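Engineer:
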Amino acid sequence: MIDAQRLHDFNQSKQAEHGLRLGYLTDLLSRRGIDAQEVIRKLVQFQVAIPSWALGTGGTRFGRFPLGGEPRNLEEKIQDIGLLNQLNGSSNSLSLHIPWDIPSDVAAIEQRLREQQLVIDSVNSNTFQDQKEQAYSYKFGSLCHTEQGVREQAIQHNIECVRYGEQLGAKTHTVWLADGSNFPGQQHFRRAYQRTQESLAAIYEALPSDWTMLIEYKPYEPNFYSMIIPDWGTSYSLCQQLGKQAQVLVDLGHHLPNTNIEQIVGRLLHFGRLGGFHFNGSMYGDDDLTTGSMKPFQLFLIFNELVDGAQDSAVNNPAVAYMIDASHNTKDPLEDLLQSVDNILGAYAKALLVDRTALAELQQNNDVVRAEELLRDAFLTDVRPLVQEAYRQAGGALNPVAAYRTAAVREQLIQQRGKLSLSTGL
Ligand code: PSV
Ligand code: MN
Ligand code: MN
Numbered sequence: 001m002i003d004a005q006r007l008h009d010f011n012q013s014k015q016a017e018h019g020l021r022l023g024y025l026t027d028l029l030s031r032r033g034i035d036a037q038e039v040i041r042k043l044v045q046f047q048v049a050i051p052s053w054a055l056g057t058g059g060t061r062f063g064r065f066p067l068g069g070e071p072r073n074l075e076e077k078i079q080d081i082g083l084l085n086q087l088n089g090s091s092n093s094l095s096l097h098i099p100w101d102i103p104s105d106v107a108a109i110e111q112r113l114r115e116q117q118l119v120i121d122s123v124n125s126n127t128f129q130d131q132k133e134q135a136y137s138y139k140f141g142s143l144c145h146t147e148q149g150v151r152e153q154a155i156q157h158n159i160e161c162v163r164y165g166e167q168l169g170a171k172t173h174t175v176w177l178a179d180g181s182n183f184p185g186q187q188h189f190r191r192a193y194q195r196t197q198e199s200l201a202a203i204y205e206a207l208p209s210d211w212t213m214l215i216e217y218k219p220y221e222p223n224f225y226s227m228i229i230p231d232w233g234t235s236y237s238l239c240q241q242l243g244k245q246a247q248v249l250v251d252l253g254h255h256l257p258n259t260n261i262e263q264i265v266g267r268l269l270h271f272g273r274l275g276g277f278h279f280n281g282s283m284y285g286d287d288d289l290t291t292g293s294m295k296p297f298q299l300f301l302i303f304n305e306l307v308d309g310a311q312d313s314a315v316n317n318p319a320v321a322y323m324i325d326a327s328h329n330t331k332d333p334l335e336d337l338l339q340s341v342d343n344i345l346g347a348y349a350k351a352l353l354v355d356r357t358a359l360a361e362l363q364q365n366n367d368v369v370r371a372e373e374l375l376r377d378a379f380l381t382d383v384r385p386l387v388q389e390a391y392r393q394a395g396g397a398l399n400p401v402a403a404y405r406t407a408a409v410r411e412q413l414i415q416q417r418g419k420l421s422l423s424t425g426l
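In terms of the UniProt record's numbering, the sequence shown has 210 at position 210, counting the first letter as 1, and numbering is strictly consecutive.
Structure (structure tokens):
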């Protein structure tokens with residue numbers, strides 16, 4: 001869809017200006033003792049997984065406005081992520097949602113993945129919907145349910161997810177629970193927690209020894225009075241009881257307004273329990289906007305914690321799994337994913353510019369203003385030439401969104417797959 005010559009011509013047309021801007025920034029950074037190439041190398045290495053459910057228009061309960069050309073099956077989802085990765089070199093893995101993405105032919109899927117040089121990052125269970133063949137309903141919860149039969153069904157589903165993941169080489173199982181209650185008195189808080197903990201332990205038991213289980217929290221929705229895992233503290237307590245392979249997953253959209261997410265990140269790193277990230281942008285709650293579109297300073301501060309943790313030998317946290325978790329109603333989802341990755345890499349690049357020795361000294365001396373200025377200086381640096389150079393060095397486009405438009409990718413997808421294609425969105 002995007003042939004190599006076309007990509008090359010596109011980059012050529014932008015190269016002169018890019019060279020100028022990169023040269024200027026490289027000089028500027030070198031005066032501050034920062035090696036721009038070293039930053040670019042880290043950006044090239046950074047990979048963020050794409051979930052299978054972010055590739056089609058999601059819609060809301062009020063309606064959905066299909067864009068056309070959306071992927072109809074796992075093979076086409078892999079094709080779409082391959083396109084993204086061709087353009088930015090930063091999206092080399094995908095996350096599956098079972099049962100939506102049950103592979104009909106494992107060998108064929110593996111072949112597709114190899115062709116596109118992609119890997120499966122994680123599998124995600126779904127106990128927030130009832131499936132046709134299912135014996136019991138999740139209307140009143142799954143892993144927390146009062147009836148053992150329902151809990152057992154949900155446990156088996158999670159184990160089934162892990163088995164599918166094993167076939168495709170995944171190493172991570174993510175559990176997000178919609179369980180909770182809508183009305184006071186509906187659920188006994190302590191007993192519901194206890195049942196959830198026991199169900200999770202049964203799933204954990206079935207986890208291969210080299211796998212990680214990520215436990216995601218969310219303060220509200222679909223339940224609006226209480227959620228079984230509403231906050232990082234609850235996730236953390238469950239992980240502590242489960243064992244070393246369980247880790248907390250932070251989804252940026254799963255916090256109440258004004259929550260200090262960067263501090264949560266710092267805490268979890270301190271405890272060695274930060275397992276994964278779901279990136280999106282949030283205005284009110286779980287509104288899945290483009291990552292970094294609403295609170296770019298917050299995104300930078302989060303990366304500041306991540307970089308700080310990665311450079312601190314006192315921190316003993318396993319590698320963090322990064323994924324975008326978004327669902328869009330108005331944008332072309334592929335363009336949104338390119339924008340999201342761009343914002344993520346920008347925030348990361350800025351965090352890499354922070355002089356940590358100087359910051360530690362300012363913190364030690366309680367120099368509030370200069371410590372803040374130091375962070376602001378990194379945040380306000382225009383790092384786009386570094387991010388663009390990272391794309392170029394990874395074989396991608398200097399400007400992925402513009403290259404996507406130039407190659408008329410969506411139009412080609414519509415021709416291939418039709419105007420009205422079905423997709424799943426959250
Ligand atoms: C629902 O809030 C949600 O967006 C969670 O963030 C999960 O990660 C995702 O759906 C997939 O189940
Ligand atoms: Mn999520
Ligand atoms: Mn969500």
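Idealized CB from N, CA, C, for every residue including glycine.
All figures in this text were calculated on a predicted structure; none of them were measured in a lab.
Grouping DSSP H, G and I as helix and E and B as strand, with all else coil, what is His254?
Structural biologist: Position 254 of the sequence shown, counting from 1, holds the residue named residue 254. Residue state, collapsed to three classes: coil.
Engineer: When DSSP labels each residue in this structure, what does Asn124 get in the three-state scheme?
Structural biologist: Residue 124 sits at position 124 when you count from the first residue of the sequence shown. Asn124 falls in the strand class under three-state DSSP.
Engineer: In angstroms, rounded to a whole number, what distance separates the CA positions of Ser237 and Leu214?
Structural biologist: Here the question's residue 237 lines up with position 237 in the sequence shown. Here the question's residue 214 lines up with position 214 in the sequence shown. Taking the straight line joining both Cα atoms gives about 13 Å.
Engineer: Using a Cβ distance threshold of 8 Å, determine whether the segment 403-412 contacts the segment 321-337, with at least three qualifying pairs required.
Structural biologist: yes
Engineer: Within the structure, which residues are defined as neighbours of ligand 2 by a Cβ-heavy atom distance below 5 Å, reported in chain order?
Structural biologist: Asp251, His278, Asp325
Engineer: State the CB to CB distance for the pair Leu168 and Ile120, rounded to an integer number of angstroms; the pair is presumed to be in contact (CB under 8 Å).
Structural biologist: Locating residue 168 in the sequence shown gives position 168, counting from the first residue. Locating residue 120 in the sequence shown gives position 120, counting from the first residue. Right, their Cβ atoms sit about 5 Å apart.
Engineer: Three or more C-beta pairs closer than 8 Å, one from the segment 133-140 and one from the segment 60-70: is that the case here?
Structural biologist: By the Cβ criterion, the segment 133-140 is not in contact with the segment 60-70, since fewer than three pairs of Cβ atoms, one from each stretch, lie closer than 8 Å.
Engineer: In or out: Lys244 buried (at least 16 other Cβ within 10 Å) or exposed?
Structural biologist: Taking the first residue of the sequence shown as 1, we reach residue 244 at position 244. Exposed.
Engineer: Lys77: buried (16+ other C-beta within 10 angstroms of its C-beta) or exposed?
Structural biologist: Sequence index remark: in the sequence shown, residue 77 carries index 77 (1-based). The residue in question, Lys77, is buried, as its Cβ has 16 or more Cβ neighbours within 10 Å.
Engineer: Verify the contact flag: residue 428, CB atom, against every heavy atom of ligand 3, threshold strictly below 8 Å.
Structural biologist: The structure shown does not extend to residue 428, since the chain is modelled only from 1 to 426, so the question has no answer here.
Engineer: Using 10 angstroms around the beta-carbon of Phe10, count the other beta-carbons present and answer buried if the total reaches 16, otherwise exposed.
Structural biologist: Position 10 of the sequence shown, counted from the first residue, corresponds to residue 10. Its Cβ being crowded by 16 or more others within 10 Å, Phe10 is buried.
Engineer: With DSSP as the reference, please indicate the residues paired to Gln247 in a beta bridge.
Structural biologist: Position 247 of the sequence shown, counting from 1, holds the residue named residue 247. Answer is Leu214.
Engineer: Going by alpha carbons, who is nearest to Leu353 out of Leu289, Ala16, Gln37, Arg6?
Structural biologist: On the sequence shown, position 353 is the one that residue 353 refers to. The option with the nearest alpha carbon to Leu353 is Gln37.
Engineer: I want to check one thing, is the minimum distance from the CB of Trp232 to the heavy atoms of ligand 3 below 8 Å?
Structural biologist: On the sequence shown, position 232 is the one that residue 232 refers to. Flag unset: Cβ of Trp232 not near ligand 3.
Engineer: Within the 9 Å Cβ cut-off, does Pro333 reach chain B?
Structural biologist: Reference to chain B is not applicable here, since this structure consists of a single protein chain.
Engineer: With burial defined as no fewer than 16 other Cβ atoms inside 10 Å of the residue's Cβ, what is the status of Leu420: buried or exposed?
Structural biologist: By one-based count along the sequence shown, residue 420 stands at place 420. Answer is exposed; the Cβ neighbour count stays below 16.
Engineer: Closer than 8 Å to a non-hydrogen atom of ligand 3 - does that hold for the CB of Asn280?
Structural biologist: The residue you call residue 280 lines up with position 280 of the sequence shown. Checking every heavy atom of ligand 3 against the Cβ of Asn280, one is found closer than 8 Å.
Engineer: Report yes or no: do three or more beta-carbon pairs, one from the segment 239-253 and one from the segment 202-213, lie closer than 8 Å?
Structural biologist: yes
Engineer: Are Val39 and Leu55 touching if we call contact CB-CB under 9 Å?
Structural biologist: As a working note, residue 39 is residue 39 in the sequence shown. As a working note, residue 55 is residue 55 in the sequence shown. Going by C-beta atoms, Val39 is not nearer than 9 Å to Leu55.
Engineer: Might you give, ordered along the chain, the residues of its own chain that have their beta carbon closer than 8 Å to the beta carbon of Gly418, omitting 5 neighbours on each side?
Structural biologist: Looking up residue 418 in the sequence shown gives position 418. If the five residues before and after Gly418 are omitted, its C-beta is found closer than 8 Å to the C-beta atoms of Gly68, Gly69, all from its own chain and listed in chain order.
Engineer: Can you give, in chain order, each stretch of the alpha helix (DSSP H) that sits fully within the segment 135-211 and has at least 4 residues?
Structural biologist: 148-167, 189-205
Engineer: With distances taken between CB atoms, is the gap from Ala390 to Leu7 smaller than 9 Å?
Structural biologist: Residue mapping note: residue 390 aligns to position 390 of the sequence shown, counting from 1. Residue mapping note: residue 7 aligns to position 7 of the sequence shown, counting from 1. The beta carbons of Ala390 and Leu7 sit no closer together than 9 Å.
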